[in-house]
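Novice: Residue 21 is where the sequence shown starts when you use the numbering used here, and the numbers rise one by one after that. Even glycine gets a Cβ: it sits at the ideal position worked out from N, Cα and C. Once you've had a glance at the structure underneath, I'll fire off some questions.
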Amino acid sequence: MPDQTRDVPRNKKPVNHFPHFATSLTKTPSELAFIAQKIRRHVIEMIAGAGSGHPGGSLGLADVMTGLYFAVLKQRPHQPDWPERDYFLLSNGHVCPVWYATLAQAGYFPLEELGSLRQFGSRLQGHPHQGSLPGVENTSGLLGQGLSLGCGLTTAFKLDHKSNHIFVQTSDAEHQEGQIWEAYRYAGAHHLTHLTVLIDRNDIQIDGTTQEIAPLEPLAEKITSCNWQVVEIDGHNFDQISWALNGARTCHLPTAIICHTTAGKDVSFMENNPDWHGRAPNQAEAKQALDELNQTVHQNKPAGTGHPHAQPGRGPEGLSSSRPPLGRGLAGIQMVCHPRASGDPEGLSSSRQRGSRGSVILAPAGIQRVCHPHASGDPGV
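This is the structure in structure tokens:
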């Protein structure tokens, strides 16, 4: 993997103190890649059929969502209210097409319903609504609110002595909002260890790049100052995705996973292009996008698998569109679970009393399916 040094904090020494934890992938990376490409196809079909939507971020998050739902999340799609489930909350609700497609692909509701996106009477509206679909746990609002909801939910479970883990998906541009930083400070101060935030770091928002609009760096260090652990990964590498998400469960601080992704992933004319943040492809553009995605689907296709398609513009009841087109469109980082790696023999509790902060951790290059910190040459602790 190419060295992505631009986001690596310059003043932090790489630390490798992660429990001997395996990714334990239930599917191979090629199987996960095949699922992710099917989800990307659904996203294009859905948005093109609706005539509006947000393809850029949705395509970029397909791998993260696939890794989460098909390799990590404690869930029962046919029992979505299972009391012991993990919770997933989508803060940047405009990328709900990738969430809907993932839920359908995982078996929460029929794939055929994906074609009803943004239609009158459909359960699949342009922003998620709690209770509208099995598996949809939150209603999204203004950007920057989702982490606050995650803090409240995690606090409630903590007070009830329950161990449900909460995953909150956010965008990088949301970190231009003030509310999200209040939530970071709250979670760090109250040691919400069962809270993990995923940050889609694609550097794209509707008016340009985050660097042009309102620079975020040093993002990781800002979050660690709130007493969080921060992990930076390649958001298209399934070994790193699974390993970081599973590892977040073992940490004694809330965890932020910065996922470096490509907006419009695997569609050549959409990649890294702010024009496709909130623009639906026309018929010709959708065909080109699907043709390009088909090539990668067939490259990753495991034996004996097929691909059911959503029917653009037609839901279960032939609903009609409700909206016109909108808008215009490291190497991975490994986490430290407690401060003993920095020479603290007493561990987390004493360091908390001293007010120590979280850490940004650099991962060994070339993470394998079973990942240990020794892979970097560090003998561990």
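Could you compute how far the alpha carbon of P100 sits from the alpha carbon of G151?
Specialist: Numbered from its first residue, the sequence shown carries residue 100 at position 80. Numbered from its first residue, the sequence shown carries residue 151 at position 131. Answer to the nearest angstrom: the Cα atoms are 11 Å apart.
Novice: Where does S44 fall in DSSP's three states?
Specialist: Numbered from 1 along the sequence shown, position 24 holds the residue referred to as residue 44. Below a pLDDT of 50, predicted positions are generally treated as unreliable, and S44, at 48, falls in that range; the measurement from the model is reported next regardless. S44: coil per DSSP, three-state reduction.
Novice: Between which residues of its own chain and A306 is the CB-CB distance below 6 Å, once the five residues before and five after are set aside?
Specialist: Position 286 of the sequence shown, counted from the first residue, corresponds to residue 306. Correct list, in chain order: I64 and A68.
Novice: Secondary structure at L239, three-state DSSP: helix, strand or coil?
Specialist: Residue numbering aside, residue 239 sits at position 219 when the sequence shown is read from its first letter. L239: helix per DSSP, three-state reduction.
Novice: Short of 7 Å in beta carbon distance, which residues of its chain neighbour H210, apart from the five on each side in sequence? Order them along the chain.
Specialist: As a first step, residue 210 must be located in the sequence shown, where it is residue number 190. Hits under 7 Å: T175.
Novice: For a test of the three-state rule: what should DSSP assign to V156, helix, strand or coil?
Specialist: The residue given as residue 156 occupies position 136 in the sequence shown. It is coil, neither helix nor strand.
Novice: Taking Cβ positions, are I277 and L218 nearer each other than 8 Å?
Specialist: The residue labelled residue 277 in the question sits at position 257 within the sequence shown. The residue labelled residue 218 in the question sits at position 198 within the sequence shown. Contact: yes.
Novice: Beta-carbon separation of C171 and A203 under 8 Å?
Specialist: The residue you call residue 171 lines up with position 151 of the sequence shown. The residue you call residue 203 lines up with position 183 of the sequence shown. It is a contact, given that the beta carbons lie within the stated cut-off.
Novice: What residue range is occupied by the uninterrupted alpha helix (DSSP H) comprising H62?
Specialist: Stepping through the sequence shown from its first residue, residue 62 is reached at position 42. From DSSP, the alpha helix (DSSP H) with H62 extends over P49 to A70.
Novice: Using CA atoms only, rank isn't needed, just tell me which of T316, F258 and P148 is closest to N112.
Specialist: Here residue 112 refers to the residue found at position 92 when the sequence shown is read from its first residue. Checking every option, the nearest Cα to that of N112 belongs to P148.
Novice: Give the list of continuous alpha helix (DSSP H) stretches no shorter than 4 residues that lie fully inside the segment 72 to 136.
Specialist: Runs found: 75 to 80, 82 to 91 and 116 to 126.
Novice: Is it buried or exposed, S362, if we count other Cβ atoms within 10 angstroms and call 16 or more buried?
Specialist: By one-based count along the sequence shown, residue 362 stands at place 342. With a pLDDT of 34 at S362, under the threshold of 50, the modelled position of this residue cannot be trusted; read the value that follows with caution. Exposed, because fewer than 16 other Cβ atoms sit within 10 Å of the Cβ of S362.
Novice: Out of V287, Q303, T122 and A283, which one is the CA nearest neighbour of H297?
Specialist: Your numbering for residue 297 matches position 277 in the sequence shown. Residue A283 is the option with its Cα nearest to H297.
Novice: Going by beta-carbon coordinates alone, are D106 and L93 separated by less than 8 Å?
Specialist: The residue given as residue 106 occupies position 86 in the sequence shown. The residue given as residue 93 occupies position 73 in the sequence shown. Contact flag set, yes.
Novice: Buried or exposed: H62, going by 16 or more other Cβ atoms within 10 Å of its Cβ?
Specialist: Residue 62 sits at position 42 when you count from the first residue of the sequence shown. Flag for H62 reads buried.
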